[in-house]
Structures are given as C-alpha cells and as structure tokens.
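Notes for the one structure printed next.
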Amino acid sequence: MAIIFELYVDCNTPEELAAMKTHFSGFTLELMTGKKTEWEFDCSPDIWAGTYDLHAFGLWSSDLSRSGVRSLVDAIECTEAGIRLYKHLCDGPAFQFARVAWEADLICRPELEKYLEPLESSSEKRFCVECVLSETLYEKLGKPKNMDEFKPDYYWTGYRGEEYRPLWSSDQRQLWDLYRECFPKS
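Just add 44 to wherever you are in the sequence shown, counting from 1, and you've got our numbering.
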C-alpha cells in the first residue's frame, strides 16, 4: 500500500470545489533537485463521503516517494513541494480547510475539534494539525492561539516541512546495520 504525499482541500459548495479544482488543474512543479512533478486529482472516492457531506479533493504526484520519507532527498523534495502547494493555495479561490501532509485526507473538517489542545495557563486552545482554515472555521474552533494569518480571511499553523530520520531511512544502511548489531532483539 502506498503512502501518499498530498494536498487535501475541503470546500463549502460544489461551486467552490469546481473553482479550486480549476485552479490546480494541470499543476506541475520543477523542484530544486531538478525533478519535475506532475500533480493529479485523487481518482478514488473521498474516504469521508459516506460519513460526511463534503466537497473535497486530494492532489498528489506519482513523481514523489510513495513510501513516506525514506531518504534525505525525499524529505527535501516533499518539503519544497509542500511549500509550493501552500503558495498556490494562497493564490487560489475560496475554501474551508486544507492541508499538505502524508495521507492528508485522513483528517477532515468535521473532525477538527479533536485536534484542539487546551493551554495550561488559560482557557485558550492550540491547534495540533498543520493546516489552513477559513476565518469562519477558525472562529468556530475558538481562534486557536498558535495560528497566524495565511491570507486575508484565512489562518494557518504554518508548515514545518517533512522529517528525515536517518536510522529508519533507505539511504543510511550502515546506521541500520550498526543498530541491529548493537540491539539485535529490537
């Protein structure tokens, strides 16, 4: 089973969804590593369609890793793609909720309240998901303290990029061999 790096966008109406899909139609990137990526809409049915009435899509590229971050290059390429996807989203039409992540569509708008954490010193909350929210959704969630303006009428938690873990990567075999030698029962 593939692990997909994607942009997930949730809109209010079918019209907003159509406008956003038009905005991302034919989206391509040439990354700093020289890799060219073509992005396509997820052709599988929305995983939340049976549970919630959503107008959403996923956008992904088969030109990036389909196994998560397995090398430093994977982390660099996906991080750059994430930055550029968020920038293109910033320049696009209206939406309610969006995020760039591995399997980004596993979190949907109706479940966002689960990702609020109370701050110890006050009744305020922080949001535990890297994403962008419309102002309406931001206010509905109680204006989480760790969110900043993404563009007028939108807030986000920022994007920190993708993590590279050399011990579990495919490009650091010597480290993995050393680990197995030192901890054979692990």
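All residues carry an ideal CB built from backbone N, CA and C; glycine is no exception.
Inside the region 165 to 217, DSSP marks whole alpha helix (DSSP H) runs of 4 or more residues at positions 179 to 184, from first to last along the chain. Note that the C-beta distance between Pro154 and Ala63 is not below 7 Å. Annotation: Leu150 to Arg128 spans about 21 Å, alpha carbon to alpha carbon. The count of Cβ pairs closer than 8 Å, one atom from the region 213 to 226 and one from the region 152 to 166, stays below three, leaving the stretches out of contact.
If you compare the alpha carbons of Leu177, Asn190 and Glu179 with that of Glu168, the shortest gap goes to Asn190.
Fewer than three Cβ pairs drawn from the region 70 to 89 and the region 175 to 184 lie within less than 8 Å of each other, which leaves the two stretches out of contact.
Comparing alpha carbon positions, the residue from Ser69, Thr77 and Gly126 closest to Phe49 is Gly126.
Taking the CA atoms as reference points, Leu160 sits about 36 Å from Thr77.
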